[in-house]
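Note that the numbering used here has the sequence shown beginning at 193, numbered continuously upward. Structure record follows, encoded as structure tokens.
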Amino acid sequence: MATHRPQDTGFSPESAFQFTLDVLDAAEDLTAQRRPTTPKTLTPLLRARAPGRRPTLPQLQAALTQVTHWREQVLTRDLLAHRRQLLTLRARTEAELNRLSEDVAYLTVMVRETDAVLRTSWRAPDDAACAERSGPTAGSRPEA
């Protein structure tokens, strides 16, 4: 299967690929909102995702051309659907991790507070009293 090579956009190949993925994600967000996918509607979304990036119109058009190509091909269309599922699963997992982190933080505070209460009622052991309560040690014989 031949790959579509967009015209030179001024990006390195890796940056161009990442930018195309960002355009894909933004385009899917627009589609979910039932808004048209145009360079004008994409620009604010892309700037929000990467504030320092200022894509040019040719860069946006090249990325949109690649996204359209991916959507038209059977194999890559299936890969795009699978990618969407993976991103959804990742977002759910990240949300669950955040919730679990909050639980861990809460439980850590509760353990510390419990330890603080126990510390206030703790008394240093008296050696003689400890020996009396513990009974014979492993090496000693009971007296007759």
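Think of the CB as a built atom: it goes at the ideal place given N, C-alpha and C, for glycine as much as any other residue.
Beta carbon of residue i nearer than 9 Å to that of residue j
i           : j           : result
residue 272 : residue 262 : yes
residue 227 : residue 238 : no
residue 247 : residue 211 : yes
residue 281 : residue 217 : no
Buried or exposed (CB count within 10 angstroms, at least 16 for buried), residue i
i           : result
residue 303 : exposed
residue 259 : buried
Opening and closing residue of the alpha helix (DSSP H) in which residue i lies
i           : result
residue 338 : Outside the modelled stretch of the chain, which goes from 193 to 336, sits residue 338, for which no answer is possible.
residue 253 : 249-264
residue 239 : 231-241
Residue i versus the options, residue with shortest Cα-Cα distance
i           : options               : result
residue 255 : 215, 308 and 316      : 215
residue 234 : 224, 290 and 252      : 252
residue 277 : 220, 209, 293 and 207 : 220
residue 209 : 257, 266, 294 and 300 : 257
Close-in-space but distant-in-sequence residues of the same chain around residue i (CB under 6 Å, 5 per side omitted)
i           : result
residue 229 : 219 and 222
residue 241 : 214
Neighbourhood of residue i by C-beta, 8 Å cutoff - its chain only, sequence neighbours within 5 removed
i           : result
residue 298 : none
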